[in-house]
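Colleague: Okay, handing you the structure first.
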Amino acid sequence: MATLSASSTLYAQEQESESDLQSDDANLIVYLTRTNNTKAVASMIHEAVGGELIELALESPYPEDYDAIVSQVDEENETGYLPPLETTIDNIEQYDTIFIGFPTWDMTLPPPMKSFLSEYDLSGKTVIPFNTNGGYGLGSTLEVIEELCAGCQLLEAFETKGGLERDGILLAIENERQEEVEADVLAWLESIGYSALR
């Protein structure tokens, strides 16, 4: 079952800001995916609120082998290395609200999403995280986002269980599970102030 994750200080919404959220082209949905579970949630959000949908890609893609990517991500997290993005967003200033979607890797924010938040100045924008994970939750992802997104208004995050690649479970958000997650996504969007969903 999906859960809504928020801290009483960082992610509490003010009534005034909630009423400003609209389903229109001022929304940008940026996401990182490996097993397509985060992509599935990103597509649900896009269908509901509109705007532009962009998948993050790296200049040098991660290896396909699970153990190899785990080792590489561990090293990147330890050294603070930010992998260069192939994806470029030239018009990011036109968006008022930016959804950022990511899986939990190594119990923290994946390095490519750190690259995105470090590369683009999102000050003054509303930033809304959404997450898929193997059942272990958000880890320290929200704390890292807060650190990298100073000056943003962070709203309540959405998180749900996706696949578990280690055990060979890749795309899990499909069929009946997809319907369940979609209902949870719509409820979450309404809870953070989207009253005119498509």
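According to our numbering, the stretch in the sequence shown is residues 191 to 388, in order.
For glycine and all other residues, C-beta sits at the position ideal for the given N, C-alpha and C.
1. Rounded to the nearest angstrom, how far is the Cβ of Leu376 from that of Ala238, given a contact under 8 Å?
2. In this structure, how does DSSP classify Lys351 when only helix, strand and coil are distinguished?
3. In its own chain, which residues sit with a C-beta less than 6 Å from the C-beta of Asp311, not counting the 5 before and 5 after it?
4. Distance check for Gly325 and His236, CA to CA, integer angstroms please.
5. Please confirm whether Leu338 and Leu307 have their CB atoms less than 8 Å apart.
6. Could you check what DSSP says for Leu376 in three-state terms: helix, strand or coil?
7. Put Ile382 into one of helix, strand or coil per three-state DSSP.
8. May I ask which residues mark the beginning and end of the alpha helix (DSSP H) holding Glu333?
9. Within a Cβ cutoff of 6 Å, which residues of the same chain sit near Ile359, ignoring the five residues on either side of it in sequence?
10. Could you tell me the distance, in whole angstroms, from the CA atom of Asp214 to the CA atom of Asn267?
11. Do you know how far the Cα of Phe348 is from the Cα of Leu211?
12. Mapping the DSSP letters down to three states, classify Asn267 as helix, strand or coil.
13. In terms of residue numbering, what span does the beta strand (DSSP E) encompassing Glu242 cover?
14. Please name the residue, chosen from Glu276, Glu333, Thr294, that lies closest to Ile309 on a Cα-to-Cα basis.
15. Which same chain residues, not among the five before or five after Ile318, have their C-beta less than 6 Å away from its C-beta?
16. State yes or no: is the C-beta of Glu297 within less than 8 Å of the C-beta of Leu222?
17. With distances taken between CB atoms, is the gap from Arg224 to Pro273 smaller than 8 Å?
Modeller: From the atom records:
1. Along the sequence shown, read from residue 1 onward, the residue named residue 376 stands at position 186. Along the sequence shown, read from residue 1 onward, the residue named residue 238 stands at position 48. Taking a contact as a CB-CB distance under 8 Å, the pair Leu376 and Ala238 counts as one, their CB atoms being some 6 Å apart.
2. Position 161 of the sequence shown, counted from the first residue, corresponds to residue 351. Strand.
3. Against the sequence shown, residue 311 aligns to sequence position 121. Setting aside the 5 residues that flank it on each side, Asp311 has no residue in the same chain whose C-beta is closer than 6 Å to its C-beta.
4. To locate residue 236, count along the sequence shown from 1; it is residue 46. To locate residue 325, count along the sequence shown from 1; it is residue 135. Linking His236 to Gly325 through their CA atoms gives a straight-line distance of about 24 Å.
5. Stepping through the sequence shown from its first residue, residue 338 is reached at position 148. Stepping through the sequence shown from its first residue, residue 307 is reached at position 117. Yes, the Cβ-Cβ distance between Leu338 and Leu307 is below 8 Å.
6. For the purposes of this step, residue 376 is taken as residue 186 along the sequence shown, with counting starting at 1. Here Leu376 sits in helix by DSSP.
7. Residue 382 sits at position 192 when you count from the first residue of the sequence shown. In the three-state scheme derived from DSSP, where H, G and I count as helix and E and B as strand, Ile382 is classed as coil.
8. Taking the first residue of the sequence shown as 1, we reach residue 333 at position 143. Bounds of the alpha helix (DSSP H) holding Glu333 are 331-338.
9. Translated into positions along the sequence shown, residue 359 becomes position 169. For Ile359, where only same-chain residues beyond five positions count, the Cβ hits under 6 Å are Gly353.
10. Counting from 1 along the sequence shown, the entry for residue 214 is found at position 24. Counting from 1 along the sequence shown, the entry for residue 267 is found at position 77. Spanning the two alpha carbons is a distance of roughly 36 Å.
11. Counting from 1 along the sequence shown, the entry for residue 211 is found at position 21. Counting from 1 along the sequence shown, the entry for residue 348 is found at position 158. Their backbone Cα atoms lie some 16 Å apart in a straight line.
12. Start at 1 with the first residue of the sequence shown, and residue 267 comes out as number 77. Three-state DSSP puts Asn267 in a helix.
13. Here residue 242 corresponds to residue number 52 of the sequence shown, with the count starting at 1. Start and end: 242-245.
14. As a working mapping, residue 309 is identified with position 119 in the sequence shown. For clarity, residue 309 is Glu in the given sequence; the question names Ile instead. Per the Cα distances, Glu276.
15. Residue 318 sits at position 128 when you count from the first residue of the sequence shown. The beta carbon of Ile318 lies closer than 6 Å to those of Phe289, Leu345 in the same chain, with the five residues before and after it left out.
16. Here residue 297 refers to the residue found at position 107 when the sequence shown is read from its first residue. Here residue 222 refers to the residue found at position 32 when the sequence shown is read from its first residue. What sits at residue 297 in the sequence shown is Met, not Glu. It is not a contact, given that the beta carbons lie outside the stated cut-off.
17. In the sequence shown, residue 224 corresponds to position 34, counting from 1. In the sequence shown, residue 273 corresponds to position 83, counting from 1. In this structure, Pro273 does not lie closer than 8 Å to Arg224 by Cβ.
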